[in-house]
Structures are given as structure tokens and as C-alpha cells.
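Chemist:
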Amino acid sequence: MFRHKLKFIPVLLIIISCLITSCSSQDKKDASDFFLKGNTAFTQNNYAEAVRLYDEAIAKNAEFSDAYLNKGISLMKLNRPEDAYEVLSEAIRIDPTFVQAILARAEVALVLGDLTAAEAGLKEIQKKYQDSTRYYLIHGDLMVERGQNSIALADYDKALQLSPTNTEAWVNRGALYYNQHQFGLARNDFSEAVKLDPYRAEAINNLGLIATKERNWTQALAYFDRVLGRNPSNALALNNKAFVLLENRKAAEARELIERSLELLPENGYALRNLGLYYMQTGSTEKAIQCYEKAIELAQPVENLYGYTGQAYLKNSQKQQACAVWSKGKLLSDSLAIINYQSECL
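563 is the number of the first residue of the sequence shown in the working numbering; add one for each residue after it.
Put into C-alpha cells, the structure is as follows:
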């Protein structure tokens with residue numbers, strides 16, 4: 563149904579590396595004061611203010627590597643990974659042995675899709691992080707991206723062995739199980755995450771995905787509404803609820819949620835696919851094809867996208883295009899595309 567990549571940047575609020583009493587200049591004292599104020603803003607989720615304060619600290623002490631680290635993490639919280647990568651690189655330039663910055667930059671590289679840089683960073687600090695839950699989580703995410711699921715599973719297992727109460731580890735292992743269609747194991751992990759954190763939106767949302775997979779519409783809607791009740795702007799939950807509504811022929815309600823989801827997350831392949839499904843249900847085949855093709859252009863893994871796209875072309879009396887799309891879908895293991903290609907194109 564839906565595949566979610568569940569990645570998080572850790573809160574590495576480094577305390578001042580040099581005590582104020584050992585810093586000789588007023589500038590360094592001022593830098594330390596700004597740094598502590600930045601940390602306070604960060605803990606209050608005021609990330610833009612935190613960035614401003616860390617910049618003030620850096621202006622007073624250009625070699626303040628801890629300030630660069632925390633600024634980089636704040637930028638990630640603001641969904642600015644490219645900027646975060648540059649800032650974290652500066653922290654590492656100042657202190658090449660700064661393992662926390664190397665770890666954080668490796669995770670940012672993973673978010674940016676630079677698997678080579680992520681792997682190089684993790685390898686550099688591997689020995690120093692043999693007992694780090696965070697290290698195994700990031701390495702597990704990297705292995706998922708590499709398609710090495712057995713290694714990823716071992717990494718998540720190790721993370722949970724080191725920290726059984728780490729909700730992110732439960733969520734990420736559950737996501738791996740989900741994508742392997744081991745829905746019972748996935749449900750167990752997501753449920754464990756919710757036990758530890760009743761407001762963990764990713765876990766609740768993914769329980770809704772399992773209920774959707776099982777066509778348990780009432781339960782699925784309850785999960786998505788639980789997420790939206792706490793955060794009405796959760797783009798994924800909005801779109802997931804819309805799919806359930808589409809499956810129950812409530813197209814008008816679904817469209818409203820899809821449009822809200824796209825406003826929040828414009829480059830969302832699943833939302834574009836669902837908008838295509840809406841247009842198919844309401845008889846606008848040409849518009850459906852446009853939505854599907856936009857989703858394909860994003861090159862995101864969207865379940866059954868090629869299958870639905872081919873169906874739209876076929877309904878539009880474009881069988882040649884339908885078979886071409888399904889043929890591509892076959893290469894991507896799109897189950898709906900495979901079924902349609904075998905029934906319509908052989």
C-alpha cells in the first residue's frame with residue numbers, strides 16, 4: 563500500500579566544550595551565552611530561533627564546532643538538509659575527530675540520497691560507536707536503501723538490544739517488516755512503539771496502513787483520525803485517510819484531503835496517485851493520466867502506480883501506451899502492472 567521512510571535526526575545538544583572560566587576572551591564568553599540560548603530555543607522546538615542564536619555564537623567564535631553541529635541539526639529540523647550538510651561539514655573541518663558531527667552528517671547524507679557519503683562517514687566512526695543505538699539505526703537505514711534487508715534487520719535488532727525503549731528502532735524495524743509483507747511482525751513493532759509513546763504518529767499511521775491492507779476500513783480510519791486529531795496537518799495521514807475514503811467510494815471527501823496533503827507536501831507521489839484515482843472514479847480519465855504521469859516523474863516508490871496508470875490509458879483507448887507502462891511496472895515489481903500486462907498484453 564504505502565511505503566514510509568522513517569528517518570529522524572537525533573537531538574545532539576552538545577554542552578559547551580570549553581568552560582567559560584577557561585576561555586580568555588569576552589567573545590568566547592558571549593559565544594557560550596548565545597550557544598546556551600540556542601539550546602534552550604531548540605528544546606522548545608523553536609528551530610529558526612535556535613539557528614539565529616547559533617549564528618550569533620559562531621559570529622563571536624568562528625571555530626565553535628559545537629555551535630555548527632547544533633545549527634546543522636536545527637536546519638534538519640527545518641527540512642533544510644543541503645544547508646545542514648554544509649554546516650556539519652564545517653564543524654568537521656574545524657575538528658576532524660568530532661564524531662558526533664560525523665554521525666549527524668552521515669544521516670543527513672542518507673536523507674539527501676548520497677549513500678556513498680553516508681557509508682563513508684559511518685565507516686569512519688564505526689569502532690567508536692560499537693555500542694551506539696543511533697549508529698545502528700542509521701546503518702540500518704543505509705542498508706535498507708542498499709537493499710540489504712538482512713543486514714538492516716540485524717542492525718535494528720542490535721539497536722533494540724542496546725536500547726529496548728527506543729521508539730524509533732521499533733518503528734524502523736516495523737517499517738522493514740511491512741515492506742517485506744510481514745504484517746504481523748510489523749504490527750507488533752508499531753504497537754510496541756505506541757506503548758512506549760502513545761503519540762508516536764509514524765507508528766499509529768503505519769498501524770493504519772496495515773488495517774488498510776487488511777481492508778479493515780473502520781480501524782484504519784480510527785488510526786488516521788487519531789493522528790489527525792493531534793496534528794491536522796499531517797500530510798501522510800491526510801493522504802492515507804483519503805485512500806480509505808476512495809476505497810469506500812467517498813470521492814468528494816477524499817479529494818479535499820488529497821488537496822490538503824499536496825499543499826503540505828507537493829512532491830508526494832502517493833497523493834498524486836490518489837488524486838489520479840479520484841479522477842478515475844469521477845470519469846476524468848485524461849486528468850487521471852496527468853496525475854499518474856506526474857507521480858511517475860517523481861521517481862518515488864509508489865505501490866501499484868504503474869498498474870493504475872496503465873489502466874487509465876487502457877480506459878482512454880490507448881492500449882499501446884498501457885502495455886508500455888505496465889511493461890515498465892513489471893521491471894519495478896509493480897504487482898498490479900504485472901497482472902494487467904499478463905491479461906491484456908500477451
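Idealized CB from N, CA, C, for every residue including glycine. Fair warning: this is a prediction, and the values are worked out from it, not measured in the lab.
Note down the Cα distance separating F570 from E618, rounded to an integer number of angstroms.
Modeler: As a working note, residue 570 is residue 8 in the sequence shown. As a working note, residue 618 is residue 56 in the sequence shown. Residue placement at F570 is poorly supported in this model, since its pLDDT is 38, which falls under 50; the coordinates still yield a value, given next. Their backbone Cα atoms lie some 26 angstroms apart in a straight line.
Chemist: So, with DSSP's three-state summary, where would you put S651?
Modeler: By one-based count along the sequence shown, residue 651 stands at place 89. Three-state DSSP puts S651 in a helix.
Chemist: Since T729 and R762 are thought to touch, with beta carbons under 8 angstroms apart, how far apart are those beta carbons, to the nearest angstrom?
Modeler: Residue mapping note: residue 729 aligns to position 167 of the sequence shown, counting from 1. Residue mapping note: residue 762 aligns to position 200 of the sequence shown, counting from 1. Between R762 and T729 the Cβ distance is about 5 angstroms, and since that is below 8 angstroms, they are a contact.
Chemist: Can you list, in chain order, the residues of its chain with a C-beta nearer than 6 angstroms to that of F752? Leave out the 5 residues immediately preceding and following it.
Modeler: Taking the first residue of the sequence shown as position 1, residue 752 is located at position 190. Within the same chain, F752 has close Cβ partners G736, A765, N768 and L769.
Chemist: Look at the alpha carbon of C580 and the alpha carbon of R777, and state the distance between them as a whole number of angstroms.
Modeler: Within the sequence shown, the letter at position 18 stands for residue 580. Within the sequence shown, the letter at position 215 stands for residue 777. Low confidence applies here, because C580 scores a pLDDT of 46, under 50, leaving its location unreliable and the question unanswered by this model.
Chemist: May I ask you to report which of helix, strand or coil DSSP gives E855?
Modeler: Within the sequence shown, residue 855 is the residue found at index 293, counting from 1. Here E855 sits in helix by DSSP.
Chemist: Between the Cα of F604 and those of S725, T727 and A629, spot the shortest distance and give me the residue it belongs to.
Modeler: Position 42 of the sequence shown, counted from the start, is the residue given in the question as residue 604. Taking only the C-alpha atoms, the option nearest F604 is A629.
Chemist: Go ahead and pull the three-state DSSP assignment for H743.
Modeler: For the purposes of this step, residue 743 is taken as the residue at position 181 of the sequence shown. Note: H743 maps to coil in three-state DSSP.
Chemist: In angstroms, rounded to a whole number, what distance separates the CA positions of A886 and F660?
Modeler: Reading the sequence shown from its first residue, position 324 is the one you call residue 886. Reading the sequence shown from its first residue, position 98 is the one you call residue 660. So the alpha carbons of these two residues sit roughly 51 angstroms apart.
Chemist: Less than 8 angstroms between the C-beta atoms of A850 and N801, yes or no?
Modeler: Taking the first residue of the sequence shown as position 1, residue 850 is located at position 288. Taking the first residue of the sequence shown as position 1, residue 801 is located at position 239. Taking 8 angstroms as the Cβ cut-off, A850 and N801 do not qualify as a contacting pair.
Chemist: Spatial neighbours of V649 within its chain, please: CB distance less than 7 angstroms, with the 5 preceding and 5 following residues excluded, ordered by chain position.
Modeler: Translated into the one-based positions of the sequence shown, residue 649 becomes position 87. Excluding residues within five positions, the ones whose Cβ falls inside 7 angstroms are Y630, K633, G634 and L637.
Chemist: Which first and last residues belong to the alpha helix (DSSP H) in which D703 is found?
Modeler: On the sequence shown, residue 703 is found 141 positions in, with the first residue counted as 1. T695 to R708 is the extent of the alpha helix (DSSP H) around D703.
Chemist: In this structure, does DSSP put C885 in helix, strand or coil?
Modeler: On the sequence shown, residue 885 is found 323 positions in, with the first residue counted as 1. Reduced to three states, the DSSP call for C885 is helix.
Chemist: Round the Cβ separation of I700 and L672 to the nearest angstrom and send it over; I've been treating them as touching at under 8 angstroms.
Modeler: In the sequence shown, the residue the question calls residue 700 occupies position 138. In the sequence shown, the residue the question calls residue 672 occupies position 110. Yes, I700 and L672 are in contact; Cβ-Cβ is about 7 angstroms, under 8 angstroms.
Chemist: With DSSP as the reference, label N767 as helix, strand or coil.
Modeler: Mapped onto the sequence shown, residue 767 falls at position 205. DSSP places N767 in helix when its eight states are reduced to three.
Chemist: Where does E815 sit, in a helix, a strand or coil, going by DSSP?
Modeler: The residue you call residue 815 lines up with position 253 of the sequence shown. Reduced to three states, the DSSP call for E815 is helix.
Chemist: With distances taken from CA atoms, which of Q742, N810, S795 and P760 is nearest L783?
Modeler: In the sequence shown, residue 783 corresponds to position 221, counting from 1. The shortest Cα separation from L783 among Q742, N810, S795 and P760 belongs to N810.
Chemist: Quick one: residues in its chain with C-beta nearer than 7 angstroms to the C-beta of A773, no 5 flanking neighbours on either side, listed in chain order?
Modeler: The sequence position of residue 773 within the sequence shown is 211, counting from 1. Cβ neighbours of A773 beyond the five flanking positions: Q781, A782 and Y785.
Chemist: Let me know if K720 comes out buried or exposed under the rule of 16 or more other beta-carbons within 10 Å of its beta-carbon.
Modeler: As a first step, residue 720 is located in the sequence shown; it is residue number 158 there, counting from the start. Under this definition K720 is a buried residue.
Chemist: Given a cut-off of 8 angstroms on the beta-carbon distance, is the pair S725 and A716 in contact?
Modeler: Counted from its first residue, the sequence shown places residue 725 at position 163. Counted from its first residue, the sequence shown places residue 716 at position 154. Taking 8 angstroms as the Cβ cut-off, S725 and A716 do not qualify as a contacting pair.
Chemist: Identify whether L860 lies in helix, strand or coil by the three-state DSSP scheme.
Modeler: Position 298 of the sequence shown, counted from the start, is the residue given in the question as residue 860. If DSSP states are grouped into helix, strand and coil, L860 belongs with coil.
Chemist: Kindly examine the ligand SAH and report whether one of its heavy atoms sits closer than 7 angstroms to the Cβ of N801.
Modeler: Among the components modelled here there is no ligand, and therefore nothing to report on the ligand SAH.
Chemist: Around the Cβ of Q882, are there at least 16 other Cβ atoms within 10 angstroms (buried) or fewer (exposed)?
Modeler: If you number the sequence shown from 1, residue 882 lands on position 320. The residue in question, Q882, is exposed, as its Cβ has fewer than 16 Cβ neighbours within 10 Å.
Chemist: Exposed or buried, what is R655 when buried is set at 16 or more other beta-carbons lying within 10 Å of its beta-carbon?
Modeler: Position 93 of the sequence shown holds residue 655. By the neighbour-count rule (16 or more Cβ atoms within 10 Å), R655 is not buried but exposed.
Chemist: When the Cα atoms are used, what is the spatial distance from K639 to N608?
Modeler: Residue mapping note: residue 639 aligns to position 77 of the sequence shown, counting from 1. Residue mapping note: residue 608 aligns to position 46 of the sequence shown, counting from 1. Using only the alpha carbons, I get a separation of about 10 angstroms.
Chemist: Nearest-angstrom Cα distance between R817 and Y840?
Modeler: On the sequence shown, position 255 is the one that residue 817 refers to. On the sequence shown, position 278 is the one that residue 840 refers to. Distance between the alpha carbons of R817 and Y840: 7 angstroms.
Chemist: Any idea what DSSP makes of L615, helix, strand or coil?
Modeler: In the sequence shown, residue 615 corresponds to position 53, counting from 1. It is helical.
Chemist: Note down the Cα distance separating G746 from A714, rounded to an integer number of angstroms.
Modeler: Sequence index remark: in the sequence shown, residue 746 carries index 184 (1-based). Sequence index remark: in the sequence shown, residue 714 carries index 152 (1-based). Distance between the alpha carbons of G746 and A714: 19 angstroms.
Chemist: Give every residue of the same chain whose Cβ lies closer than 6 angstroms to the Cβ of C907, excluding the five residues on either side of it in the sequence, and list them in chain order.
Modeler: Locating residue 907 in the sequence shown gives position 345, where the first residue counts as 1. Only C885 meet the Cβ criterion.
Chemist: Given a threshold of 16 other Cβ atoms within 10 Å of its Cβ, counted over all protein chains shown, does N641 qualify as buried or as exposed?
Modeler: As a first step, residue 641 is located in the sequence shown; it is residue number 79 there, counting from the start. Per the 10 Å Cβ criterion, exposed.
Chemist: Spatial neighbours of E815 within its chain, please: CB distance less than 6 angstroms, with the 5 preceding and 5 following residues excluded, ordered by chain position.
Modeler: Here residue 815 refers to the residue found at position 253 when the sequence shown is read from its first residue. Closer than 6 angstroms at Cβ, skipping near neighbours: L807.
Chemist: Whole-angstrom Cβ separation of G831 and V864, contact assumed at under 8 angstroms?
Modeler: Taking the sequence shown and counting its residues from 1, the one referred to as residue 831 is at position 269. Taking the sequence shown and counting its residues from 1, the one referred to as residue 864 is at position 302. Rounded, the Cβ-Cβ distance is 4 angstroms, consistent with contact.
Chemist: Look at the alpha carbon of A799 and the alpha carbon of L827, and state the distance between them as a whole number of angstroms.
Modeler: Numbered from 1 along the sequence shown, position 237 holds the residue referred to as residue 799. Numbered from 1 along the sequence shown, position 265 holds the residue referred to as residue 827. Each residue's Cα considered, the two are about 12 angstroms apart.
Chemist: What residue from R667, N866 and E681 has the CA that sits closest to N902's CA?
Modeler: Indexing the sequence shown from 1 puts residue 902 at position 340. Of the candidates R667, N866 and E681, the one whose C-alpha sits nearest the C-alpha of N902 is N866.
Chemist: Enumerate in chain order the residues of its own chain whose CB-to-CB distance from E829 is below 7 angstroms, with the five nearest sequence positions on each side excluded.
Modeler: By 1-based counting over the sequence shown, the position of residue 829 is 267. These residues qualify, in order along the chain: L860.
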